[in-house]
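In this note's numbering, the protein residues as written are 1 to 321.
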């Protein structure tokens, strides 16, 4: 058996019907019921029927991505009983990782991410903030370009743009006020970036503009009981393994308005001797990033029964097919 890590996706991988392939799998239905009961809302209906616009609202995206990822993880555990050696999550995905590691229950995490989403959306009204993916440029140059643009608006200006997601060596996401993000896209392209793609998001996640949301989240986190992690969890704000509940809470607070250091998270997984990384939940975005971060690593996706069978064969051998 190969030792392996599981990683969990954030916003952007949601789609209408994303759990359909599981059919009536009892573990998936149970997870949906648990999360729906905790929210007092039928998440199964929302995931199955959408519409797409409703799923894309961050207040819905965060709970549905959480439950979809946790459902896939629970299917894996129910069918194999083999836990990963480490877990991590990209942005929101860290909450799925916390559930997988036993720090939070799904019933605790679902209302928590809904609260987080509401606080984020209220901190910056729709249309005021923006995000964009900068492709084909080193992260250090993206950071320098954002700093240059922010300085250009003057010290007292509310216009700000920052590098917020370090996704792979040639892809960095920027976020901030809409005007500053648009200006940064122009400047970074002029400085040699291959592309600057505006992202279809409703708030400038992980930027300093999210600080008011983070402050509200910090209060909320104090009221939630955390259990000790049962699996090594590498957080994405410090690329650190924390076991103390208060330190985990503090990392989640800072993560709301600080950058996602994903490249370093994947490197930290490799440093633990784990070369197989499985993205657990809808989409294959993180699995694709794994190879671009380090060609020696293998990235796989576990999002439906067919991919589950593939992952079992690769990680556990033929006897688990």
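Even for Gly, the Cβ is constructed at its ideal location relative to N, Cα and C.
With a beta-carbon spacing of about 6 Å, residue 162 and residue 175 fall inside the 8 Å limit used to define contacts.
Within the segment 170-203, the alpha helix (DSSP H) runs of at least 4 residues that lie entirely inside it are, in chain order, 178-190. Here DSSP, grouped into helix, strand and coil, assigns residue 233 to strand. The criterion of a C-beta distance shorter than 8 Å is not satisfied by residue 103 and residue 293. DSSP places residue 49 in the helix class (H, G or I) of the three-state scheme. Separation of residue 32 and residue 53 (C-alpha to C-alpha, rounded to the nearest whole angstrom) is 20 Å. Sequence-distant partners of residue 187 (beyond 5 residues in either direction) whose C-beta falls short of 6 Å from its own C-beta, in its chain, are 145 and 149. The residue among 100, 122 and 220 with its C-alpha nearest the C-alpha of residue 227 is 100. Here residue 298 is bridged, per DSSP, to 276. Contact check for residue 286 against residue 296 fails: the beta carbons are separated by 8 Å or more.
Annotation for residue 163: the continuous beta strand (DSSP E) segment containing it runs 161-168.
Taking residue 169 as the centre and dropping the five residues before and after it, the same chain places the C-beta of 138, 139, 263, 292 and 293 closer than 8 Å to its C-beta, in chain order. Segment contact: the segment 193-205 against the segment 114-134, three or more CB-CB distances shorter than 8 Å; contact assigned. Under the DSSP assignment, residue 100 falls in the alpha helix (DSSP H) whose first and last residues are 93-100.
Contact check for residue 243 against residue 234 fails: the beta carbons are separated by 8 Å or more.
If you ignore the 5 residues before and after residue 43, its C-beta comes within less than 7 Å of the C-beta of 32, 35, 36, 63, 64 and 67, all in its own chain and listed in chain order.
Beta-bridge pairing by DSSP links residue 134 to 172 and 196.
Here residue 145 carries a helix assignment [DSSP, helix/strand/coil]. If you check the CB distance, residue 91 and residue 236 come in under 8 Å. When secondary structure is reduced to three states using DSSP, residue 317 falls in the coil class, being assigned neither helix nor strand. Here the alpha carbon of residue 2 sits roughly 29 Å from the alpha carbon of residue 30.
Distance between residue 15 and residue 26, taken at the CA atoms: about 21 Å. Cβ-Cβ separation between residue 5 and residue 274: approximately 5 Å, consistent with a contact (criterion under 8 Å).
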